[in-house]
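140 is the number that my numbering gives to position 143 of the sequence shown; each next residue is one higher, with no gaps.
What follows is a single structure, written as structure tokens, with notes after it.
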Amino acid sequence: MKKISVLFVCLGNICRSPAAEAIFNSLLEKKGLTDCFIVDSAGTGSWHIGKKADSRMRIAAERRDINILSRARQITSKDFDEFNHILAMDDSNFRNIKDLKNRTTSTDLASIKKIQDFRSVFNEQEVPDPYFGGDDGFDYVLDILEDSVNGFLESIS
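Laid out in structure tokens, this is it:
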């Protein structure tokens, strides 16, 4: 059976997208679906390549028994050939992903959508970037992502 591949994308790949990746992996583990998926995250920017997720996001996630283990990387044109689903955290990153795809000669494998297309509880059209805010912003982003990531998984399973 071919694995379903999912890439979560935000700006720097240190807050929202690694949290979404970790939440998705946690859901897959609970449902016994880990072997059916390839999951990763990336940023449209290159500022944090190789760094761990923001410590405030890791701490907030750990309080929910979610471990963020990924290291930041930047999205590349090859991701369009390797991932079935690319999920942007906001409109700006969605446009950046689409622009990159339009500049490449990749296949049409990747379905590019916004993660908030799968929300059911929260009204936010975008996942806010908590980087410049207070600690409570990280918890709020996790709340939003738990809702929309779960909705995404339900939509494909």
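We treat Cβ as the ideally placed atom computed from N, Cα and C, and that holds for glycine.
Query                                                                                                                                              : Result
In whole angstroms, give me the CA-to-CA distance for Ser145 and Leu84.                                                                            : 11 Å
What did DSSP end up calling Arg55 once you bin it into helix, strand or coil?                                                                     : helix
Give me whichever residues DSSP pairs with Ile35 in a beta bridge.                                                                                 : Ser2
Here's the rule: buried if 16 or more other CB atoms are within 10 angstroms of the residue's CB, otherwise exposed. What is Leu8?                 : buried
Restricting to Cα atoms, I'd like to know which of Gln71, Lys111 and Lys98 is closest to Ile46.                                                    : Gln71
Which one of Ala16, Val118, Gly131 and Asn120 has the shortest CA to CA distance from Lys49?                                                       : Ala16
Can you check DSSP and say which residues form a bridge with His82?                                                                                : Val3 and Ser108
In terms of alpha-carbon separation, which member of Lys98, Lys95 and Asp140 lies closest to Ser117?                                               : Asp140
Just reading off the alpha helix (DSSP H) that Ile94 is part of, what are its end residues?                                                        : Asp88 to Asn99
In chain order, what residues of the same chain lie with their CB nearer than 8 Å to the CB of Trp44, ignoring the 5 residues before and after it? : Gly9
Determine the closest residue to Ala69 out of Arg60, Asp51 and Leu97, with distance taken between C-alpha atoms.                                   : Asp51
Would you tell me roughly how many angstroms separate the C-alpha atoms of Ile63 and Phe135, rounded to the nearest one?                           : 13 Å
So, under 8 Å CB-CB, Val6 and Ile94 are touching, yes? Tell me the CB distance rounded to an integer number of Å.                                  : 6 Å
I think Arg13 touches Asp126, with their Cβ atoms under 8 Å apart; what is that distance to the nearest whole Å?                                   : 7 Å
From the DSSP output, in three-state form, read off Lys48 for me.                                                                                  : coil
Buried or exposed, going by whether 16 or more other CB atoms sit within 10 Å of the CB of Glu143?                                                 : buried
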